[in-house]
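Only one structure is covered here, and it is reproduced in the block below.
2 protein chains.
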Amino acid sequence: MIQGADANLDAAFLALADPTRRAILARLTQGEATVMQLAEPFEMTQPAISRHLKVLEGAGLIVRRAEGTRRHCRLSDTGLASVDRWLELLRSALSRNYDRLDGLLDAMNSGKEKE
Amino acid sequence: MIQGADANLDAAFLALADPTRRAILARLTQGEATVMQLAEPFEMTQPAISRHLKVLEGAGLIVRRAEGTRRHCRLSDTGLASVDRWLELLRSALSRNYDRLDGLLDAMNSGKEKE
DNA sequence: CTTGACCATAACGTATTTGTTATATAACAT
DNA sequence: ATGTTATATAACAAATACGTTATGGTCAAG
Chain A
137 MIQGADANLD AAFLALADPT RRAILARLTQ GEATVMQLAE PFEMTQPAIS RHLKVLEGAG
197 LIVRRAEGTR RHCRLSDTGL ASVDRWLELL RSALSRNYDR LDGLLDAMNS GKEKE
Chain B
137 MIQGADANLD AAFLALADPT RRAILARLTQ GEATVMQLAE PFEMTQPAIS RHLKVLEGAG
197 LIVRRAEGTR RHCRLSDTGL ASVDRWLELL RSALSRNYDR LDGLLDAMNS GKEKE
């Protein structure tokens, strides 16, 4: 079984793969901000930022709250949670491999593993 | 200054954004495999898998070892490490916000229910 | 009601990604 | 040598990503 097709994870990792979007997230770690406030540091047009925010929202990395004519953005934990849940697969495998290195001599003594 | 342009992170997150590549990584958590072994479960040609592996290698998520005519692939920790280091930024911000929310609710209600 | 600020969406060009087929290279077996 | 297996690379087509300009909608202020 191939397992791995998860549109949610696709969206989250793809959202994180862009430096502008990561910079936006980094900015949001300091607190909420409106779209205009988020756009200000970049040499980019406002529509471009709007689409980046849409991608981040679709990935569950931010949420938006309307207040008058402004949209306040803040970090959301759902996107990070699913990303972290998947990465745990790699983390545990890598730490297992590391443990195996500890017992390498033992493993060599007891023969080879199943293949 | 905007900070956030990191080609290494771009490569790692982009590599993780593809379901085929995540499936390859998931397979490698069970141990080393050759290119052909990795390609076998997929309805995809071998050159396509070869390029996915190149992307994963460039992102520091796998390493390859030549043995005769075969290339054995295994997980590498460097890619995951840089990814995790960056995500820690989000994690700490989200937990800070969560703490603040706790304090805020406390201050507002001084003893209402906790969801 | 008109104006202006804030934000979203559509239309579009270009670069990048992802697959394909065809072919090259290197090692191994006959 | 010849053929076969394992893998990489080049050339190409289709889809997607990312930016732009142009424009539309909503709210707040005068």
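Chains as they are written, first to last, in my numbering: chain A, 137 to 251; chain B, 137 to 251. Glycine included, each C-beta is placed from N, C-alpha and C at the ideal position.
What residue range is occupied by the uninterrupted alpha helix (DSSP H) comprising residue i?
| i | result |
| --- | --- |
| residue 203 of chain B | Counting along the chain, residue 203 of chain B falls outside any alpha helix (DSSP H), though it belongs to the beta strand (DSSP E) covering 198-203. |
| residue 149 of chain B | 143-152 |
Once the 5 residues before and after residue i are set aside, which same chain residues still bring their CB inside 6 Å of it?
| i | result |
| --- | --- |
| residue 175 of chain B | 182, 185 |
| residue 215 of chain A | 148, 195, 196, 197 |
| residue 206 of chain A | 170 |
| residue 201 of chain A | 208 |
| residue 230 of chain A | none |
| residue 168 of chain B | 208, 210 |
Who are the Cβ neighbours of residue i in its own chain at under 7 Å, not counting the five residues just before and after it?
| i | result |
| --- | --- |
| residue 157 of chain B | 151, 188, 191, 192 |
| residue 194 of chain B | 147 |
| residue 164 of chain A | 198, 209, 210, 211 |
| residue 178 of chain B | 156, 185 |
| residue 138 of chain A | No answer about residue 138 of chain A holds up, because its pLDDT of 48 lies below 50 and its placement is not dependable. |
So what's residue i in DSSP terms, helix, strand or just coil?
| i | result |
| --- | --- |
| residue 195 of chain A | coil |
| residue 189 of chain B | helix |
| residue 165 of chain B | coil |
| residue 233 of chain A | helix |
| residue 170 of chain B | strand |
Compare the Cα-Cα distances from residue i to each of the options and report the closest residue.
| i | options | result |
| --- | --- | --- |
| residue 208 of chain B | B/160, B/144, B/171, B/155 | B/171 |
| residue 286 of chain B | A/153, A/200, A/149 | In the structure as shown, chain B begins at 137 and stops at 251. Residue 286 of chain B is therefore absent and cannot be evaluated. |
| residue 141 of chain B | A/141, A/161, A/145 | A/161 |
| residue 166 of chain A | A/225, A/206, A/211 | A/211 |
| residue 227 of chain B | A/213, A/229, A/206 | A/213 |
| residue 159 of chain B | A/204, A/159, A/225 | A/225 |
Compute every distance between the C-beta of residue i and the non-hydrogen atoms of the ligand HEM, then say whether any falls below 7 Å.
| i | result |
| --- | --- |
| residue 154 of chain B | The ligand HEM is not among the ligands present in this structure, which contains no ligands whatsoever. |
Report all residues from its chain with a CB closer than 8 Å to the CB of residue i; omit the five preceding and five following residues, and keep chain order.
| i | result |
| --- | --- |
| residue 145 of chain B | 218, 219, 222 |
| residue 180 of chain A | 156 |
Inset, instruction - Would you list, in chain order, the members of the stretch 199-229 of chain B that have their beta-carbon closer than 8 Å to a beta-carbon of chain A? - result: 210, 211, 213, 216, 219, 220, 222, 223, 225, 226, 227, 228, 229
Legend entry - Interface positions of the stretch 140-154 of chain A facing chain B (Cβ-Cβ less than 9 Å), listed along the chain: 140, 141, 142, 143, 145, 146, 147, 148, 149, 150, 151, 152, 153, 154
Legend entry - Within 8 Å of chain A by C-beta, residues of the stretch 176-189 of chain B in sequence order: 177, 178
Inset, instruction - Using a Cβ-Cβ cut-off of less than 7 Å, list which residues of the stretch 159-170 of chain A approach chain B; keep chain order. - result: Cβ contacts with chain B come from 159, 161, 162, 165.
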